[in-house]
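Report on one structure; see the data block that follows.
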Amino acid sequence: MYIANTETVPDGEIVEVLGIARGNTVEAKNVGKDITQGIRNVFGGELTAYSDLLSKARDEAVMRMEEDAERLGADAVVNVRLETSQITDGGSEVMAYGTAVRLR
Numbered sequence: 014m015y016i017a018n019t020e021t022v023p024d025g026e027i028v029e030v031l032g033i034a035r036g037n038t039v040e041a042k043n044v045g046k047d048i049t050q051g052i053r054n055v056f057g058g059e060l061t062a063y064s065d066l067l068s069k070a071r072d073e074a075v076m077r078m079e080e081d082a083e084r085l086g087a088d089a090v091v092n093v094r095l096e097t098s099q100i101t102d103g104g105s106e107v108m109a110y111g112t113a114v115r116l117r
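Heads up, the sequence shown is in my numbering, so the first residue is 14 and it goes up one at a time.
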């Protein structure tokens, strides 16, 4: 499956638009990591536990979008976008979506 945030696929001709493919996940912070990240927040530096959490969530959302595109019969997903939003205190949603297409 080809995934792109552009409108086209290099060396590929889009012959059919199948609709929106999407995938999402909601991840929550870990209380134990909250304590260590709170200390790091005081002294400065990257909050690596949160970076890792969001990276995992992005990967999961993209994988679910790809699975949705496969169910639609797509060869590729173009115009891919990622969004995040806070769902609850300590919980964020990551959504991946794009246009599922069939290539020649």
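Where a beta carbon is used, it is the ideal one built from N, C-alpha and C, also for glycine.
Reduced DSSP secondary structure (H/G/I, E/B, other) of residue i
| i | result |
| --- | --- |
| R94 | strand |
| A89 | strand |
Candidates the options, of which the one nearest residue i by Cα
| i | options | result |
| --- | --- | --- |
| A74 | D24, R115, N18, V107 | V107 |
| G111 | G103, S68, D88 | D88 |
| G32 | A41, M78, G25, D65 | M78 |
| S64 | G86, S105, M14, D81 | S105 |
| G103 | I16, R84, L67, T21 | L67 |
| I16 | T38, I100, Q99, D81 | D81 |
Buried versus exposed call for residue i [16 or more other C-beta atoms within 10 Å across all chains shown]
| i | result |
| --- | --- |
| V30 | exposed |
| M76 | exposed |
| A41 | exposed |
| G36 | buried |
| D72 | exposed |
| V114 | buried |
| V91 | buried |
| V28 | exposed |
One or two residues paired with residue i in a DSSP bridge
| i | result |
| --- | --- |
| T38 | V107 |
| L116 | I27 |
| Y63 | Partner(s): none; Y63 has no beta bridge. |
| I33 | T112 |
| V22 | G25 |
| I16 | V90 |
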